[in-house]
Amino acid sequence: MVSSVLCRCVASPPPDAATAASSSASSPASVDPCGGAVCGGPDHRLRLWSLFQTLDVNRDGGLCVNDLAVGLRRLGLHRTEGELRKIVQAGDKDLDGQLDFEEFVHYLQDHEKKLRLVFKSLDKKNDGRIDAQEIMQSLRDLGVKISEQQAEKILKSMDKNGTMSIDWNEWRDYHLLHPVENIPEIILYWKHSTIFDVGENLTVPDEFTVEERQTGMWWRHLVAGGGAGAVSRTCTAPLDRLKVLMQVHASRSNNMCIVGGFTQMIREGGAKSLWRGNGINVLKIAPESAIKFMAYEQIKRLVGSDQETLRIHERLVAGSLAGAIAQSSIYPMEVLKTRMALRKTGQYSGMLDCARKILAREGMAAFYKGYVPNMLGIIPYAGIDLAVYETLKNAWLQRYAVNSADPGVFVLLACGTMSSTCGQLASYPLALVRTRMQAQASIEGAPEVTMSSLFRQILRTEGAFGLYRGLAPNFMKVIPAVSISYVVYENLKITLGVQSR
Numbered sequence: 000m001v002s003s004v005l006c007r008c009v010a011s012p013p014p015d016a017a018t019a020a021s022s023s024a025s026s027p028a029s030v031d032p033c034g035g036a037v038c039g040g041p042d043h044r045l046r047l048w049s050l051f052q053t054l055d056v057n058r059d060g061g062l063c064v065n066d067l068a069v070g071l072r073r074l075g076l077h078r079t080e081g082e083l084r085k086i087v088q089a090g091d092k093d094l095d096g097q098l099d100f101e102e103f104v105h106y107l108q109d110h111e112k113k114l115r116l117v118f119k120s121l122d123k124k125n126d127g128r129i130d131a132q133e134i135m136q137s138l139r140d141l142g143v144k145i146s147e148q149q150a151e152k153i154l155k156s157m158d159k160n161g162t163m164s165i166d167w168n169e170w171r172d173y174h175l176l177h178p179v180e181n182i183p184e185i186i187l188y189w190k191h192s193t194i195f196d197v198g199e200n201l202t203v204p205d206e207f208t209v210e211e212r213q214t215g216m217w218w219r220h221l222v223a224g225g226g227a228g229a230v231s232r233t234c235t236a237p238l239d240r241l242k243v244l245m246q247v248h249a250s251r252s253n254n255m256c257i258v259g260g261f262t263q264m265i266r267e268g269g270a271k272s273l274w275r276g277n278g279i280n281v282l283k284i285a286p287e288s289a290i291k292f293m294a295y296e297q298i299k300r301l302v303g304s305d306q307e308t309l310r311i312h313e314r315l316v317a318g319s320l321a322g323a324i325a326q327s328s329i330y331p332m333e334v335l336k337t338r339m340a341l342r343k344t345g346q347y348s349g350m351l352d353c354a355r356k357i358l359a360r361e362g363m364a365a366f367y368k369g370y371v372p373n374m375l376g377i378i379p380y381a382g383i384d385l386a387v388y389e390t391l392k393n394a395w396l397q398r399y400a401v402n403s404a405d406p407g408v409f410v411l412l413a414c415g416t417m418s419s420t421c422g423q424l425a426s427y428p429l430a431l432v433r434t435r436m437q438a439q440a441s442i443e444g445a446p447e448v449t450m451s452s453l454f455r456q457i458l459r460t461e462g463a464f465g466l467y468r469g470l471a472p473n474f475m476k477v478i479p480a481v482s483i484s485y486v487v488y489e490n491l492k493i494t495l496g497v498q499s500r
């Protein structure tokens, strides 16, 4: 019933009725063996209407989740309630909880376009068929490793003629009334860098699906991510300022603890002083994210192939270079953030006053103190974060992804937290040296320090533990930062009209 609705004779999307009618009238046999009856001809809507009536089990003129469950079961197609709910939500334009005939037709047409994009992305050989090796390669490009047996199992579920490869018709028939879109869905559900903000924007940028790029949803994702980062950084700003103070001032002789640090800040400047440096930290999100995304897209064209998504090592190279370009562009803001966080009450009247005084007293070079360790820190942070996240994602997809690539909130938060924590741990000594170099330049009469000399000084006077001063408050803010940014991101997506995942 389902396959008879769709054209079996052409590999291109069905033309409109007028085109099909004129085409069939002129050369029905050579151009369109089905005579237009299936692929958009006069009887096409009749066939869709027949399928609609078969699925409309209660004959009320609308398809609800229950209708689809019973109707598809009668046709031998078994779908979960969650999958059927996705179908209804995707096509329900008037939000009445069911699909009328027009909505049903539009859903099938839109869904078929999406499926065609997926089919093309999987068909690496461009021969109009997909085999096990192509499925393995496509998933491997995304960092998801499956065995040949697993790929063949996927094929067998769709292969009707036993050739161990599937053409467009077999692919479309299997997925038409199935919401899962495989490769793009992995990209869609497993966004990482856009969603989570732990105060350091050094992660490799996320990929976006073809549909997200064509519909302009990508910039809405970035705006939602920027807003989520602003709220998340503001909520965890006291812990971030404490981290900076401990990185600069804590030592063996001045063993600053978390409670003592908060007490000292409140005693010196009141509760409001806990948020010193947060304004510039939030302000730099927009330019940094925009520059990083644009640079990433340009670098992708240089390091990647013609494929829509990059391989893992290509993503790491492109992401690291994009991060370096973005950090170089906004690095003076990083220095301002450190100086504002360390300032005493009344020292500066605001960000602009701070920038003017630094420029007047220390010169332009002061805005690039600590630049080298900051750049070096991008590679271990981005590399470890990406490797851990892809490993956890791959493990979950292999073990638990049966009908959907959607990991759920808890798994996504857990993977994001663990990968960010590992990335920060790997690059933390470089971050500490960067912060001290930014701070020491402001001390009157302080000797000029280099990255290597500062490393040696810390190891000599404080030992290896000295390279991890402030690590406790830094880790304390990861879980709340990830959780807050995720919740705000999801709500901003709804506000901006991004389709719900």
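Each residue of the sequence shown is one higher than the last, beginning at 0 in numbering that gives the first Met the number 0.
Glycine residues also receive a C-beta, built at the ideal position from the N, C-alpha and C atoms.
(message) With distance defined between alpha-carbon atoms, name the residue in VAL486, MET417, GLY369 nearest to GLU388.
(response) Residue 388 is actually Tyr in this sequence, not Glu. Distance from the Cα of TYR388 is smallest, within the candidate group VAL486, MET417, GLY369, for MET417.
(request) Kindly say whether LEU320, judged by its beta-carbon, lies nearer than 8 Å to any beta-carbon of chain B. (result) Reference to chain B is not applicable here, since this structure consists of a single protein chain.
(request) Quick one: give me the first and last residue of the beta strand (DSSP E) that ASP166 is part of. (result) Per DSSP, the continuous beta strand (DSSP E) segment holding ASP166 begins and ends at 164 to 166.
(message) Once DSSP output is grouped into helix, strand and coil, what is the label at ARG128?
(response) ARG128 falls in the strand class under three-state DSSP.
(message) At the level of alpha carbons, what is the spacing between MET339 and ASP239?
(response) Computed Cα separation, rounded: 12 Å.
(message) DSSP three-state label for LEU154, please.
(response) It is helical.
(request) Could you pull the start and end residues of the alpha helix (DSSP H) that TRP217 belongs to? (result) For TRP217, the enclosing alpha helix (DSSP H) covers residues 216 to 234.
(request) To the nearest angstrom, report how far apart VAL243 and ARG275 are at their CA atoms. (result) Distance between the alpha carbons of VAL243 and ARG275 is about 11 Å.
(request) Give the DSSP bridge partners of LEU47, in chain order. (result) Paired residues: none, contrary to the question.
(message) Could you pull the DSSP bridge partners for LEU62 from this structure?
(response) Note: LEU62 sits in a beta bridge opposite LEU98.
(message) Determine whether the beta carbon atoms of ILE165 and ALA150 lie at a separation below 8 Å.
(response) No, the Cβ-Cβ distance between ILE165 and ALA150 is not below 8 Å.
(message) Quick check: the Cα distance between VAL512 and HIS77, rounded to an integer number of angstroms?
(response) Coverage of the chain is limited to positions 0 through 500, which leaves residue 512 absent and any answer about it impossible.
(request) Return yes when the Cβ of LEU62 is within less than 8 Å of the Cβ of LEU98, no when it is not. (result) LEU98 places its beta carbon less than 8 Å from that of LEU62.
(message) Measuring only the C-alpha atoms, how far is LEU221 from HIS110?
(response) Using only the alpha carbons, I get a separation of about 25 Å.
(message) Report the CB separation of SER319 from ILE378 in whole angstroms; it is logged as a contact under 8 Å.
(response) Beta-carbon to beta-carbon, SER319 and ILE378 are separated by about 6 Å, close enough to satisfy the 8 Å threshold.
(request) Sort SER272, ARG44, VAL477 by Cα distance to VAL104 and report the nearest one. (result) Looking at the Cα atoms, ARG44 is the closest of the given residues.
(message) Can you list, in chain order, the residues of its chain with a C-beta nearer than 8 Å to that of ASP91? Leave out the 5 residues immediately preceding and following it.
(response) Excluding the 5 residues flanking it on each side, ASP91 has same chain C-beta neighbours closer than 8 Å at GLN97, LEU98, GLU102, in chain order.
(message) In whole angstroms, give me the CA-to-CA distance for PRO41 and LYS112.
(response) Summary for PRO41: the model assigns pLDDT 49, below 50, so the residue's position carries little reliability, and this model does not support an answer.
(message) Measuring alpha carbon to alpha carbon, tell me which residue in LEU282, LYS368, LEU411 is nearest ARG435.
(response) Minimum Cα distance to ARG435 is reached at LYS368.
(request) Within the same chain, show all residues whose beta-carbon is closer than 6 Å to that of GLY469, passing over the 5 residues directly before and after it, in chain order. (result) Hits under 6 Å: LYS242, MET245, GLN246.
(message) If contact is defined by three or more beta carbon pairs under 8 Å, each pair taking one atom from either stretch, is the segment 351 to 370 in contact with the segment 414 to 428?
(response) At 8 Å Cβ cutoff, the stretches do not touch.
(request) Buried or exposed for ALA354, please, with buried defined as at least 16 other CB atoms from any protein chain shown within 10 angstroms of its CB. (result) In the assembly as shown, ALA354 is a buried residue. Its beta-carbon has 16 or more other beta-carbons within 10 Å.
(request) State the Cα-Cα distance for the pair ALA323 and ALA223, rounded to the nearest angstrom. (result) Each residue's alpha carbon lies about 23 Å from the other.
(message) Would GLY127 and LEU491 be called neighbours here (beta carbons separated by less than 8 Å)?
(response) Taking 8 Å as the Cβ cut-off, GLY127 and LEU491 do not qualify as a contacting pair.
(message) For the alpha helix (DSSP H) containing ARG84, name the first residue and the last one.
(response) Segment 80 to 90, the alpha helix (DSSP H) holding ARG84.
(request) Along the alpha helix (DSSP H) that carries ARG355, what are the first and last residues, could you check? (result) In the DSSP annotation of this structure, the continuous segment of the alpha helix (DSSP H) that includes ARG355 starts and ends at 350 to 361.
(request) Rounded to whole angstroms, what's the CA-CA distance from GLU489 to GLN326? Just pull it up for me. (result) Rounded to the nearest angstrom, the two C-alpha atoms are 27 Å apart.
(request) Could you tell me which of GLN88, THR233, ALA381 sits nearest to VAL281, measuring between CA atoms? (result) Residue nearest to VAL281 within the set GLN88, THR233, ALA381 is THR233 (criterion: CA-CA distance).
(request) Return the chain-ordered list of same chain residues with a C-beta closer than 7 Å to the C-beta of LEU335, the five sequence neighbours on each side being excluded. (result) Take LEU335, set aside five residues on each side of it, and the residues of its chain with a beta-carbon closer than 7 Å to its own are ILE279, MET350, CYS353, ALA354, in chain order.
(message) To the nearest angstrom, how far is the alpha carbon of LYS124 from that of LEU315?
(response) Taking the Cα positions, LYS124 is about 26 Å away from LEU315.
(request) Throw me the rounded Cβ distance for the LYS159 and GLU169 pair, which I believe falls under 8 Å. (result) Contact check for LYS159 and GLU169: beta-carbon distance about 6 Å, within the 8 Å limit, so the pair qualifies.
(request) Specify the secondary structure class of PRO331 as computed by DSSP and reduced to three states. (result) PRO331: helix per DSSP, three-state reduction.
(request) Determine the direct distance from the alpha carbon of MET293 to that of MET332, and round the result to whole angstroms. (result) Whole-angstrom Cα-Cα distance: 19 Å.
(message) Need the endpoints of the alpha helix (DSSP H) that ARG433 sits in, please.
(response) Counting along the chain, the alpha helix (DSSP H) containing ARG433 begins and ends at 407 to 439.
(message) According to DSSP, simplified to helix, strand and coil, what is GLU180?
(response) Because GLU180 sits at a pLDDT of 45, beneath the cut-off of 50, its placement in the model cannot be relied upon, and the following sentence gives the value as read from the coordinates. In the three-state scheme derived from DSSP, where H, G and I count as helix and E and B as strand, GLU180 is classed as coil.
(request) Could you pull the start and end residues of the alpha helix (DSSP H) that GLY529 belongs to? (result) The question about residue 529 has no answer here: the residues shown for the chain are numbered 0 through 500.
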